[in-house]
Amino acid sequence: MINGFKQFILKGNVIDLAVAVIMGTAFGAVVTALVQSVLMPLLAAIVGSPNFDSFALVTINGNDVKFGVLLTAVVNFLLIAAAIYFVVVMPMNAWIARRNARMGIGKDEPVVDPHVALLTEIRDLLAAEQRR
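Residue 29 in numbering that gives the first Met the number 0 sits at position 30 of the sequence shown, with consecutive numbering throughout.
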């Protein structure tokens, strides 16, 4: 029982997952700071309010229904998604494309069915055997 647990913990994928969670948490703080300290103030300068919490506030029987809070959360989500796309995804895709072009990966090479490749190899071997 202890041996199985030891093998589970020492597997590379468990450690990789732990590192990914830690890095994701740290990166989340960077993205949150970008959105809250840069993007939301820019939006507030345009719209005139740092958030939409008081927008579409409806009171029903003394209870406040705050549609603006939902709108603020949606805007924050879109800003975070945009920040990740433009700061991480686009530069990473451009870097991968440059690397692949430099290494010659992804050029228009015909895709050969593995069965056809195997049959071609067998044919060539048989032809070489007959020539001997």
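Glycine included, each C-beta is placed from N, C-alpha and C at the ideal position.
{"Item": "To the nearest angstrom, how far is it from the Cα of Leu-118 to the Cα of Asn-12?", "Value": "37 Å"}
{"Item": "Gly-67 and Leu-56: beta carbons closer than 8 Å?", "Value": "yes"}
{"Item": "Write down the C-beta distance between Phe-51 and Thr-71 rounded to the nearest angstrom, noting that I regard them as a contact closer than 8 Å.", "Value": "5 Å"}
{"Item": "Measure the C-alpha to C-alpha separation of Val-20 and Phe-26 and round it to an integer number of angstroms.", "Value": "10 Å"}
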